[in-house]
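The opening position of the sequence shown corresponds to residue 17 in this note's numbering, with each subsequent residue numbered one higher.
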Amino acid sequence: MPVSELIRSAIDARKKAYAPYSNYMVGAAVLTNELRIYTGCNIENAAYTPSICAERTAVSKAVSEGRRGFKAIAVVGSPKGEVISQYAFPCGVCRQVLREFSDPDSFFVIVAKSETDYKIYHLKELLPESFGPENLY
17 MPVSELIRSA
27 IDARKKAYAP
37 YSNYMVGAAV
47 LTNELRIYTG
57 CNIENAAYTP
67 SICAERTAVS
77 KAVSEGRRGF
87 KAIAVVGSPK
97 GEVISQYAFP
107 CGVCRQVLRE
117 FSDPDSFFVI
127 VAKSETDYKI
137 YHLKELLPES
147 FGPENLY
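What follows is the structure, encoded as structure tokens:
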């Protein structure tokens, strides 16, 4: 798995974030089963509810291009500025969206401050006892 490339892609995506209200800039890079990387950033809205997280932006871009399976996602986020000073974890809604398109036992969530300072989790650790498509059959 290209961990450094995913993190670097997420860092680059973070630079494009539109966060005038929270000033919390997030970038994400999702790796498809075909080993393609799609990036996303958070996009805020004055009405708040229409805002979208970086993770869901990346997944939406990939799905809109016909990708339906994912291996991993890297997420970086911190208050506005060049320094990434903290780990940024996907919110609950993003975890559920990731669950829709992945196997929680084998999908990796990488939270990073840099290419060398990161933590890796299985989605199952961050969304235990999840509800997925197979529950509907």
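Yeah, the Cβ is synthetic: ideal placement off N, Cα and C, and Gly gets one too.
The structure displayed is predicted, hence computed values, not measured ones.
When the Cα atoms are used, what is the spatial distance from residue i to residue j?
i, j, result
"Lys-71", "Leu-152", "It is Glu, not Lys, that sits at residue 71 in the sequence shown. Roughly 24 Å between the two C-alpha positions."
"Lys-129", "Gly-82", "30 Å"
"Leu-22", "Ser-67", "23 Å"
"Ala-26", "Pro-144", "25 Å"
"Asp-121", "Leu-142", "11 Å"
"Ile-136", "Ile-89", "10 Å"
"Leu-139", "Phe-86", "11 Å"
"Tyr-37", "Glu-60", "7 Å"
Quick check on the burial criterion: 16 or more other C-beta atoms within 10 angstroms. Buried or exposed for residue i?
i, result
"Arg-115", "buried"
"Arg-30", "buried"
"Phe-147", "exposed"
"Cys-110", "buried"
Among all the DSSP beta bridges, which residues are the ones paired with residue i?
i, result
"Ala-90", "Ala-45 and Ile-126"
"Pro-95", "Tyr-40"
**OP:** Specify whether the segment 31-42 and the segment 94-106 touch according to this definition: at least 3 beta carbon pairs, one from each stretch, less than 8 Å apart.
**Re:** A contact exists between the segment 31-42 and the segment 94-106.
**OP:** Would you list, in sequence order, the uninterrupted beta strand (DSSP E) runs of no fewer than 3 residues that lie entirely inside the segment 51-88?
**Re:** 53-57
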